[in-house]
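Participant: Here it is: the structure, laid out below.
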Amino acid sequence: MDLKIALVQYDIIWEDTQANLSYLSNVLKSISKDTDIVVLPEMFHSGFSMSPKGNAQVDGGEVLSWMKSMSDLNNVCIIGSVIVETNKGYVNRLYVVNGGKVSSYDKRHLFTMGDEHKHYLKGDERIVVEIKGWKLCPLICYDLRFPVWSRNIGEAYDVLLYVANWPASRGDVWDVLLKARAIENQSYVIGVNRIGCDKTITYDGRSQVVDAKGSELINMGANEGVAYVELKKDVLMKFRECFPVLRDGDEFHINN
Numbered sequence: 001m002d003l004k005i006a007l008v009q010y011d012i013i014w015e016d017t018q019a020n021l022s023y024l025s026n027v028l029k030s031i032s033k034d035t036d037i038v039v040l041p042e043m044f045h046s047g048f049s050m051s052p053k054g055n056a057q058v059d060g061g062e063v064l065s066w067m068k069s070m071s072d073l074n075n076v077c078i079i080g081s082v083i084v085e086t087n088k089g090y091v092n093r094l095y096v097v098n099g100g101k102v103s104s105y106d107k108r109h110l111f112t113m114g115d116e117h118k119h120y121l122k123g124d125e126r127i128v129v130e131i132k133g134w135k136l137c138p139l140i141c142y143d144l145r146f147p148v149w150s151r152n153i154g155e156a157y158d159v160l161l162y163v164a165n166w167p168a169s170r171g172d173v174w175d176v177l178l179k180a181r182a183i184e185n186q187s188y189v190i191g192v193n194r195i196g197c198d199k200t201i202t203y204d205g206r207s208q209v210v211d212a213k214g215s216e217l218i219n220m221g222a223n224e225g226v227a228y229v230e231l232k233k234d235v236l237m238k239f240r241e242c243f244p245v246l247r248d249g250d251e252f253h254i255n256n
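All residue numbers for the sequence shown refer to full-length UniProt numbering, where the first residue is 1 and numbers rise by one.
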């Protein structure tokens, strides 16, 4: 079965949850009716803020409720990360909202050069979710730089997905790493980034989808809006069968 993905790339309004949700509500009104998954950038409601106290949602709060509502209304799965307050502290939490089912992943690799580790707790468990017969592994931004955490052991997933606020100054690195993760893991890779500026950082988008051979299926450049791509399961399975490199991978265990 094919899987139709909508990538939403936009200029996140700095630390204004209400404005961002209002903007996205309008965007989602016009998405194609045969869309299976909508992917939003990292911290899509606030931008990459190091002020969690003023922007956090308790257990997902209003933002998670909005995701559930939009998922039901549009009959799609919605993926994006949210600043969440837990009883242990703040986390950068990615939600996968698919109808009545909610799965979550807390960002593992915190961007120390931006002091993310001083404001957020790191996650310790990767997830794989199944949607319409496809297995997806959703990760967040800086995780892209760490191939061990992304490793596709035993064909655990078919799609590796990154939501991000990746700066324009390292845009070429973004392009290279997305292709590398696709090739080494024999999977489709989706990277959804933002455009525009926050207080100090410029973002140039480049949201894209890469196939298992490292070829770009779509690249949004710096354009605002929604882009669609259809993933082909039979093409992926055929390639893995003809060139089964994953079977020769090293076995290892990650210590938290």
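For glycine and all other residues, C-beta sits at the position ideal for the given N, C-alpha and C.
Do the CB positions of residue 187 and residue 152 come within less than 8 Å of each other?
Facilitator: Going by C-beta atoms, residue 187 is nearer than 8 Å to residue 152.
Participant: Output needed for residue 195: all residues of its chain with C-beta closer than 7 Å, excluding positions within five of it in sequence on either side, in chain order.
Facilitator: 9, 10, 11, 203, 204, 205, 222 and 224
Participant: Check for me: the beta strand (DSSP E) holding residue 134 runs from which residue to which?
Facilitator: 134 to 140
Participant: Could you tell me the alpha carbon to alpha carbon distance between residue 94 and residue 60, rounded to whole angstroms?
Facilitator: 10 Å
Participant: So, helix, strand or coil for residue 171, using DSSP?
Facilitator: helix
Participant: Opposite residue 57 in the DSSP bridges: which residues?
Facilitator: 84
Participant: Keeping to the same chain, check which residues put their C-beta closer than 6 Å to that of residue 55; ignore five residues upstream and five downstream.
Facilitator: 15, 46, 49 and 83
Participant: Could you give the first and the last residue of the continuous beta strand (DSSP E) run that contains residue 130?
Facilitator: Counted as a single uninterrupted DSSP element, the beta strand (DSSP E) harbouring residue 130 occupies residues 129 to 131.
Participant: Skipping 5 residues on each side, what residues in its chain have a beta carbon closer than 6 Å to that of residue 179?
Facilitator: Cβ within range, chain order: 210 and 214.
Participant: Could you check which residue in 31, 135 and 163 has the C-alpha nearest to that of residue 156?
Facilitator: 135
Participant: Let me check one thing: in DSSP terms, what residues is residue 6 bridge-paired to?
Facilitator: 38 and 228
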